[in-house]
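First up is the structure itself, then whatever we jot down about it.
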Amino acid sequence: MKPRVEVVRRGLSDVRSDGCVAFLFEGEKKLAGLPPDLQRAADADLARRGFRGERGTAMTVTAGDGASRRVAIVAGLGPRASFDAEAARLAAAAAGRRLQVERVKIAAVVPPGEENGRLTLPQRTTALVEGLLLGFYRFERFITDDARRAHRPDLIIVAAGRREQTVARAVDRAQALVAGAILARDLVNTPAGHLTPDGLAQEIRRAFRGSGVRVNVLDEQDLARERMGALLAVGRGSDQPPRLVHLVHRPKGRSRARLALVGKGVTFDAGGYDLKSQDHMADMKDDMAGAAAVAGAILALSRLAAPVEIHGFLGLVENLVSGRAYKPGDVLQTRSGKTVEVKNTDAEGRLVLADALDYARTTARPTSIVDVATLTGACAVALGPECGGLFSNNDALAGRLLEAARKAGEKLWRLPLFREYREHFRSTVADLANVGKREGGAISAALFLETFVDGKTPWAHLDIAGPAFLEDEHAFWGRGATGAGVPTLVEFGLSL
Ligand code: BES
Ligand code: ZN
Ligand code: ZN
Numbered sequence: 007m008k009p010r011v012e013v014v015r016r017g018l019s020d021v022r023s024d025g026c027v028a029f030l031f032e033g034e035k036k037l038a039g040l041p042p043d044l045q046r047a048a049d050a051d052l053a054r055r056g057f058r059g060e061r062g063t064a065m066t067v068t069a070g071d072g073a074s075r076r077v078a079i080v081a082g083l084g085p086r087a088s089f090d091a092e093a094a095r096l097a098a099a100a101a102g103r104r105l106q107v108e109r110v111k112i113a114a115v116v117p118p119g120e121e122n123g124r125l126t127l128p129q130r131t132t133a134l135v136e137g138l139l140l141g142f143y144r145f146e147r148f149i150t151d152d153a154r155r156a157h158r159p160d161l162i163i164v165a166a167g168r169r170e171q172t173v174a175r176a177v178d179r180a181q182a183l184v185a186g187a188i189l190a191r192d193l194v195n196t197p198a199g200h201l202t203p204d205g206l207a208q209e210i211r212r213a214f215r216g217s218g219v220r221v222n223v224l225d226e227q228d229l230a231r232e233r234m235g236a237l238l239a240v241g242r243g244s245d246q247p248p249r250l251v252h253l254v255h256r257p258k259g260r261s262r263a264r265l266a267l268v269g270k271g272v273t274f275d276a277g278g279y280d281l282k283s284q285d286h287m288a289d290m291k292d293d294m295a296g297a298a299a300v301a302g303a304i305l306a307l308s309r310l311a312a313p314v315e316i317h318g319f320l321g322l323v324e325n326l327v328s329g330r331a332y333k334p335g336d337v338l339q340t341r342s343g344k345t346v347e348v349k350n351t352d353a354e355g356r357l358v359l360a361d362a363l364d365y366a367r368t369t370a371r372p373t374s375i376v377d378v379a380t381l382t383g384a385c386a387v388a389l390g391p392e393c394g395g396l397f398s399n400n401d402a403l404a405g406r407l408l409e410a411a412r413k414a415g416e417k418l419w420r421l422p423l424f425r426e427y428r429e430h431f432r433s434t435v436a437d438l439a440n441v442g443k444r445e446g447g448a449i450s451a452a453l454f455l456e457t458f459v460d461g462k463t464p465w466a467h468l469d470i471a472g473p474a475f476l477e478d479e480h481a482f483w484g485r486g487a488t489g490a491g492v493p494t495l496v497e498f499g500l501s502l
């Protein structure tokens, strides 16, 4: 992975580099550890250019010229009093963008800011590495013009001073998380024309080679044998057959918990016969972001040797129209035995998850189960583009996930499972219908899923329809696929 990150037991001014990064609290003057020549240049430049160190801003300072030209990036942390992980990540991301513009090859950096009650050295280091590496991310697979490609550094050297070991541990952890998030982003950004259900299964196989994680791919015959009538029905409209990927991470010692993560992996959601309109269909290559988040999180957790047994179940299908596609009014037999009336072929995610959740619960017998899905537009309407929705039948599990999201720097908000709304998806011809009312659509979708887990297993559902894919550029979430869910699931997996 480029750039490489190295930790050294030296100060910033003792590291050989062609660009170094220093951080500044808003309205202050002290720049930690810059070499004297750059320090002098910075002192003069900061005042002259009126750079105040506002949150998420950065500027370039140069000293010398020609072959001896050296650059320093000064990045703003905002006010000292409100310094937090978010400020640290924004500053790192801003610094990273300047490093690219300056085409710095070897960058020397320090963890941003200073320790305070809220932020420890490992947390500052994590924020630095995540901000830099996720801020560098671009999906460039199809960009052939070299001038349009980003120029990332080859090497980032973290000057840790005496606390090298602490910093090195935090760097390792952050790099594992970044690798997981980038896997998820790459998979989500890859267009559906290049990523069929089987193609996605193969990509995942490849990503996990050598990781120690077991990868088992169920094909359409296996799925038929398992009687996954709902998942198979959704996939029938496509020439590309569905798949179910089962990932298993087993810890070295005994595991106290067994976690099942279930991901919606609709590689393209045209809506089926309840066809989406052009503007709603445009980004529907992202409808496998739940599956991608589960894969990314398990990749990171396996690299970190998480001491819990973790199963991933990814339901992979394409929701299209054809002479074989499922139709409004059809009645499906789910794996659980419950029948479902299809009132809307565009509410396909919950059908895929109904079978995947049932399979996960009965085969892995997990102590808790979390599904992740770009499930409803309603959730994105309710919470906005950067925030995921959380639903759970268990307050302790919900609390842990909210805490994990907070620590990981993701927005997550719990929404209710009003049992009265179960009425909404009543059906006269089957056990239940796959859609309820328009109002409260995120809640009824979650209630539908809840009927496919037993009341005893703690279960949570993350609706990431909003944050999985962003239209506008964001400092470190980027544009397009974000890897949403990966940071939270990694933090959660490590907390068990
Ligand atoms: N994949 C969509 C949900 C979605 C919308 C994800 C926007 C990302 C961004 C899902 O399959 C869907 O179409 N849901 C319908 C449900 C409705 C038919 C009850 C929706 O949200 O409109
Ligand atoms: Zn849909
Ligand atoms: Zn969908």
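The numbering of the sequence shown is this note's numbering, which starts it at 7 and goes up by one. Here a beta-carbon is modelled for each residue, glycine too, at the ideal position from N, C-alpha and C.
Simplified DSSP state of residue i, which is helix, strand or coil
{"i": "His157", "result": "coil"}
{"i": "Asn195", "result": "helix"}
{"i": "Thr132", "result": "helix"}
{"i": "Met234", "result": "coil"}
{"i": "Val496", "result": "helix"}
{"i": "Arg61", "result": "coil"}
{"i": "Asp352", "result": "coil"}
{"i": "Val184", "result": "helix"}
{"i": "Ala481", "result": "coil"}
{"i": "Ala207", "result": "helix"}
{"i": "Ile163", "result": "strand"}
{"i": "Ala471", "result": "coil"}
{"i": "Thr66", "result": "strand"}
{"i": "Asp460", "result": "coil"}
{"i": "Leu125", "result": "coil"}
{"i": "Thr369", "result": "helix"}
{"i": "Ala50", "result": "helix"}
{"i": "Asp361", "result": "helix"}
Residue nearest to residue i in terms of C-alpha spacing, selected from the options
{"i": "Asn399", "options": "Ser308, Arg330, Asp377 and Leu495", "result": "Asp377"}
{"i": "His252", "options": "Ala239, Glu32 and Leu229", "result": "Leu229"}
{"i": "Val337", "options": "Arg356, Arg432, Ala236 and Val314", "result": "Ala236"}
{"i": "Pro117", "options": "Val164, Arg158 and Pro159", "result": "Val164"}
{"i": "Ala303", "options": "Val492, Gly82 and Ile188", "result": "Val492"}
{"i": "Gly72", "options": "Arg54, Thr63, Ala53 and Asp24", "result": "Asp24"}
{"i": "Thr351", "options": "Leu407, Leu238 and Ala301", "result": "Leu238"}
{"i": "Val11", "options": "Arg179, Gly395 and Asp43", "result": "Arg179"}
{"i": "Thr494", "options": "Ile210, Ser88, Glu409 and Arg155", "result": "Glu409"}
{"i": "Lys417", "options": "Gly446, Thr488, Arg356 and Val358", "result": "Thr488"}
{"i": "Pro41", "options": "Ala466, Phe31, Val21 and Gly355", "result": "Val21"}
{"i": "Val254", "options": "Arg242, Arg428, Ala301 and Glu34", "result": "Ala301"}
{"i": "Arg233", "options": "Arg211, Gly243, Pro197 and Val358", "result": "Val358"}
{"i": "Phe424", "options": "Pro334, Phe454, Arg15 and Asn440", "result": "Phe454"}
Closer than 8 Å to chain C by CB, residue i
{"i": "Ser23", "result": "Among the protein chains of the structure shown there is no chain C, as only one such chain exists."}
| request: Specify which residues have a beta carbon nearer than 5 Å to any heavy atom of ligand 1, listing them in chain order. | output: Checking every Cβ against the heavy atoms of ligand 1 under 5 Å gives Asp275, Asp293, Asn350, Asp352, Ala353, Gly355, Thr380, Thr382, Gly383, Val441 and Ala471.
| query | If you pair each beta-carbon of the segment 430-443 with each one of the segment 387-405, do three or more pairs fall below 8 Å? | reply | Touching, no.
| query | Any contact of the segment 245-261 with the segment 342-353, i.e. 3+ C-beta pairs under 8 Å? | reply | Segments in contact, no.
| Are the segment 132-140 and the segment 97-110 in contact at 8 Å, needing three or more beta carbon pairs? | Between the segment 132-140 and the segment 97-110 there are three or more inter-stretch CB-CB distances shorter than 8 Å, so the stretches are counted as touching.
| message | For the pair the segment 455-465 and the segment 362-373, tell me if three or more CB-CB distances fall below 8 Å. | response | Enough Cβ pairs lie closer than 8 Å, so yes.
| task | State whether the segment 52-69 contacts the segment 111-130, with contact taken as three or more CB pairs (one from each stretch) at a distance under 8 Å. | result | Cβ pair count under 8 Å is below three, so no.
| task | Determine, using beta-carbon pairs with one atom in the segment 187-206 and one in the segment 329-336, whether at least three such pairs fall under 8 Å. | result | Touching, no, given that fewer than three Cβ pairs across the two stretches are closer than 8 Å.
| said: With three or more beta-carbon pairs closer than 8 Å as the criterion, would you say the segment 84-91 touches the segment 44-52? | reply: Taking 8 Å as the limit for Cβ pairs, the verdict is that the segment 44-52 does not touch the segment 84-91.
| query | What beta strand (DSSP E) runs, 3 residues minimum, are completely inside the segment 220-296? | reply | As far as the segment 220-296 is concerned, its whole beta strand (DSSP E) runs of at least 3 residues are 220-224, 249-255 and 264-275.
| said: Between the segment 310-327 and the segment 495-502, can you find at least three pairs of beta-carbon atoms closer than 8 Å? | reply: Contact check between the segment 495-502 and the segment 310-327: three or more CB pairs, one atom from each, fall below 8 Å, which counts as touching.
| task | Give a yes or no on contact between the segment 472-481 and the segment 282-297, applying the rule of three or more CB pairs nearer than 8 Å. | result | With the cut-off at 8 Å, the segment 472-481 and the segment 282-297 touch.
| message | With three or more C-beta pairs closer than 8 Å as the rule, is the segment 174-193 touching the segment 139-146? | response | Segments in contact, yes.
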